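Worksheet: one structure, shown below.
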Amino acid sequence: MLDSTPKEVIVLLGPPGAGKGTVSVRLAGMIDAAHLSTGDLLRETAADANSESGREIAGLMAGGQLVPDGLMLRILVKTLSGLRESTVLLDGFPRTTRQAEMLERTLASSNGCVRAAVLLEVDEAVLVERLSGRLICGACGAVYHVETLKPRQAGVCDRCGGKLKRRADDAPETIRNRLEVYAEQTAPLIDWYRAKGQLVGINGMGEVDEIVSRVRDGLADWKAAGQGLREAPDP
Ligand code: AMP
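Each residue of the sequence shown is one higher than the last, beginning at 143 in the working numbering.
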């Protein structure tokens, strides 16, 4: 049960390295939406090595495995309830069909809904190249790349001055696991959202600014075509 104002959620779908985080942070600023990354939430929880769930989550993430659906949903609902924004860009959730069903029920309990699921489509070779060169800010979570998205000063975040580091799960072996987990457990969501008429496919390759514009325009065109609008109430 969601204890908050109704939320309209835009789900960001795509494999690890598709750019879900980078795109949603930028888009959130443009459309006055909140950005909520379940990976970031879990990294915060995992940082608490004194709690049992913190240790369990850290172990699963280190191996590229998914956190159990029930635990994930509890963490998500608590955070969603605390957001003031009515539009939320959800990055990294759902990752299983069961999570997608749980999300629908949870949003419906406060008259909210999923408005669209944006699928960022990226070739596998590009994914691996992006993940293996990725750097993140330990303080604010901003994402950089050693070749293609360098910070102004090496090792330092442009946005907050925090220290940049590699993610533990961006090691080559774990990248392979994460791509397999995506193919088996998350990719079925593409057809799931397509069947509901909620899928918006976007080419996720090229310059970041270009991709963000494509997503923004893709959502606007999709909405203008009459998709994703709520039924008008009877007069
Ligand atoms: P991300 O930052 O989205 O790449 O997520 C990093 C890791 O957090 C994943 O490899 C999973 O171990 C875990 N994770 C993130 N979101 C979820 C989710 N919705 N369900 C289960 N595990 C998740």
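In this text, a Cβ means the ideal position worked out from N, Cα and C, and glycines have one as well.
Since the structure is predicted, the reported quantities are computational estimates derived from the model, not experimental observations.
{"Check": "Own chain, CB closer than 8 Å to residue 136, minus 5 neighbours either side, in chain order", "Outcome": "With the chain covering only 143 through 377, there is no way to say anything about residue 136."}
{"Check": "Rounded C-alpha distance that separates residue 311 from residue 285", "Outcome": "14 Å"}
{"Check": "Best match in 155, 351 and 319 for proximity to residue 233 [C-alpha to C-alpha]", "Outcome": "155"}
{"Check": "Residue(s) in a DSSP beta bridge with residue 277", "Outcome": "286"}
{"Check": "beta-carbon residue 290 near the ligand AMP non-hydrogen atom, thresh 7 Å", "Outcome": "no"}
{"Check": "Spatial distance of residue 226 from residue 176 (CA atoms)", "Outcome": "8 Å"}
{"Check": "Residue 145 versus 267, 301, 298 and 224, residue with shortest Cα-Cα distance", "Outcome": "224"}
{"Check": "Inter-stretch contact at 8 Å, needing at least 3 Cβ pairs: the segment 188–196 / the segment 287–304", "Outcome": "no"}
{"Check": "Residue 179 classed as buried or exposed, judged by whether at least 16 other C-beta atoms fall within 10 angstroms", "Outcome": "buried"}
{"Check": "Cβ of residue 316 within 8 Å of any chain B Cβ", "Outcome": "Annotation note: the requested chain B is absent from the structure, which comprises a single protein chain."}
{"Check": "C-beta contact flag for residue 364 and residue 342 at 8 Å", "Outcome": "yes"}
{"Check": "Cβ-Cβ distance between residue 195 and residue 213 below 8 Å", "Outcome": "yes"}
{"Check": "Coil, strand or helix - residue 309 by DSSP", "Outcome": "coil"}
{"Check": "Euclidean distance between Cα positions of residue 316 and residue 275", "Outcome": "14 Å"}
{"Check": "Residue interval of the alpha helix (DSSP H) (run including residue 179)", "Outcome": "Where residue 179 is concerned, there is no enclosing alpha helix (DSSP H), although the beta strand (DSSP E) it sits in stretches over 176–179."}
{"Check": "heavy atom of the ligand AMP below 7 Å from residue 240 C-beta", "Outcome": "no"}
{"Check": "For residue 247, three-class secondary structure by DSSP", "Outcome": "helix"}
{"Check": "Contact check, residue 242 vs residue 334, beta carbons under 8 Å", "Outcome": "yes"}
{"Check": "8 Å Cβ cutoff met for residue 256 and residue 327", "Outcome": "no"}
{"Check": "Given residue 291 as reference, the closest of 273, 280 and 281 once Cα atoms are compared", "Outcome": "273"}
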